[in-house]
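The next block holds one structure in the form of structure tokens; read it before the comments.
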Amino acid sequence: MIQASAELHNQQKNPALTTVFGAATGCQATPHSTRSSAADTPLMHHAHPLAMTSSATEARMPGVHALCISGTRLVNRRMALFVESLWKAGSGVSILALPRHAWSLNRTEEPLPFTTPTRCRTTAGNTSAPVDMIFCFHWTVLPIAVLLGFVHRAPVVYDEHDFYEMNSLEGSGSSFRVQLISRAVRLIHRLFVPWVTLVTCIHQHHNTLRDHLLQWNRNVLELHNYPPAVWNSDARLLPSAADRICFVYIGGVFAEKGVRAAADAFLSLPQTLRTTAELHVFGDGDEDLLKWLESQPQIIVHRHISPAEFRSFAATRNCVGLSMLADSPRYNLVGTNCTKLYEYLALGMPVIATASGEIPQQIAAWQTGLIVSPQMLVSEIAAAMADLLEQPEQIANASSQAIATMRQDHMTWEAEWRKLAETLQTLRPQQSPATSG
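Quick note on my numbering: the sequence shown kicks off at 883 and runs consecutively.
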């Protein structure tokens, strides 16, 4: 009865929401079973986006009010893609965040008209209407999202952009603290994931995270971290004889992301090669590492960079992307969640990447770069850099392959967003509480 009332309430409140997201409204009123029948097959990984009609693809959401809840005021790349997609669909967006870190709202492709942030909230667009949908982006605020879903009678989408239980085990601090946080994540998942309408998550090697989340909700959808189509339109085919090569890194500046190893490798190159190259680091992170990088010759650090600024930089230079991850259980499960890798390729950059998770198979199949070990040996990275500098025809060939690969229709964020919209349309309210027994 609660479900039927919630669905009717949302249809009356905003017909446009039902047009785009169909009967998904109100779905979170009862928990989802952790087992599925033939009629309730879990949402599996798809190599291509789900089929959609042109009307569904072009549908907009004027007047829809989406509430996005985060555990930090620092909006990461994945959340920015969700927020910008909602905005472009014509919906008003409110961001509610725990007061952690400073507000950072520059990860969208183009600046959005956010209001001046308060301590915990900022908005963009018309948010005067009641909340129609809730998106949750961190496990710490999942209980709040579920509670607000009941209050507003709105569907809740929970996006897990990292394997939080495993990530917490690799965190800093005492063993007791690490284990406590990991157990807290699992408890929150067990109690609240069954009550959300849809769980979205990154694709990891062997579908590891998806299968883990299926314990608590049968509606789990993997979304690949492919870049928006605008990255493809800015692609630059690199020449076979370039005067200067820029090795570039974008993302969190930390040793475990290979930044220090890449810098040491670059500085170890023979002077004859280094005179034709530069290393550019785009991002923020470890302040000590950033200051050290800024003190080194031919290494240029770009802080507080937006995606558009990075694309603008790459449009006028011959770049090779660096995508390296430390040898750890979490990074060894990388699937399509290494955002920077696909951004590099979409812009026509060859890459030097570690043999982490599915990355080596992808690079080999696409012929878009060189692979080094996840131990991130300085000598090995330097050899890969030297190889590309000494044989520029490799750069041109890999650049051509990268552009062709990323211009496939299904390898854009827009295709992933259509997949999400289509999935929400297919969901139906559960008529009674489901059991796992």
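Positions of the beta carbon are idealized from the N, C-alpha and C atoms, including for glycine.
Distances from the alpha-carbon of L1227 to those of A1147, I1132, L1171 put I1132 closest.
Within the same chain, L1227, G1230, T1250 come within 6 Å of A1284 by CB-CB distance, once the 5 residues on both sides are set aside.
Between S1122 and E1275, the C-beta gap is smaller than 9 Å, which places the two residues in contact.
L1062 is not a Cβ neighbour of V1081, given a cutoff of 9 Å. When C-alpha distances from T1218 are compared across A1006, I1016, M1293, the shortest belongs to M1293. In this structure, DSSP gives L1204 an extended state, which the three-state scheme calls strand.
At a cut-off of 4 residues, the continuous stretches assigned as alpha helix (DSSP H) that sit fully inside the region 1192-1246 are 1221-1228. Counting along the chain, the unbroken alpha helix (DSSP H) around D1146 starts and ends at 1141-1149.
Given a length threshold of 4 residues, each whole run of the alpha helix (DSSP H) inside the region 1035-1104 is given here in chain order: 1046-1051, 1057-1074, 1090-1095.
Here A948 carries a strand assignment [DSSP, helix/strand/coil].
Taking the CA atoms as reference points, I977 sits about 11 Å from L956.
The alpha-carbon separation between A1111 and S1057 amounts to approximately 43 Å. A straight line joining the alpha-carbon of L1096 with that of T1022 spans about 19 Å. By the Cβ rule, the region 1141-1149 counts as touching the region 1251-1260, because three or more pairs are nearer than 8 Å. Between G1203 and L1172, the gap from beta carbon to beta carbon reaches 9 Å or more. By the neighbour-count criterion, in which 16 or more other beta carbons inside 10 Å mark a residue as buried, A1027 falls on the buried side. Residue burial annotation: R1092 is buried, with at least 16 other C-beta atoms found within 10 angstroms of its C-beta. With fewer than 16 other Cβ atoms from the protein chains shown falling within 10 Å of its own Cβ, R1065 counts as exposed. Comparing alpha-carbon positions, the option among G1239, E1225, R1156, R1068 lying closest to W1113 turns out to be E1225. Here the region 975-991 lies against the region 1176-1191, with 3 or more beta-carbon pairs under 8 Å apart. Listed as beta-bridge partners of I1132 by DSSP are F1164.
Beta-bridge partners of A1190 (DSSP): none assigned. Within the same chain, E1047 come within 7 Å of R1068 by CB-CB distance, once the 5 residues on both sides are set aside. The three-state secondary structure of V965, taken from DSSP, is helix. When W1174, F1129, S1282 are compared, the shortest CA-CA separation from A1268 is found for F1129. S976 sits in a strand when the DSSP states are folded into three classes. The closest CA to that of W1174, considering only L1270, E966, A1137, is found on A1137. Sorting T1305, H1071, N1200, K1301 by C-alpha distance to the C-alpha of A1280 places N1200 at the top.
Between R1212 and N1107, the gap from beta carbon to beta carbon reaches 9 Å or more. Counting C-beta atoms within 10 angstroms of its own C-beta, L1119 has fewer than 16 neighbours from the protein chains shown and is therefore classed as exposed. Between F1192 and the set N1008, D1116, F1032, V946, the nearest pair of CA atoms involves D1116. Under DSSP, I1253 takes part in a beta bridge, and its partners are A1235.
The straight-line gap separating the alpha-carbon atoms of H1043 and S952 is approximately 12 Å. In this structure, the alpha-carbon of L1151 lies about 17 Å from that of S1177. Per DSSP, T1004 is not a residue of any alpha helix (DSSP H); the beta strand (DSSP E) it occupies stretches across 1003-1006. Straight across, the Cα-Cα distance linking S1205 with I1234 is about 6 Å.
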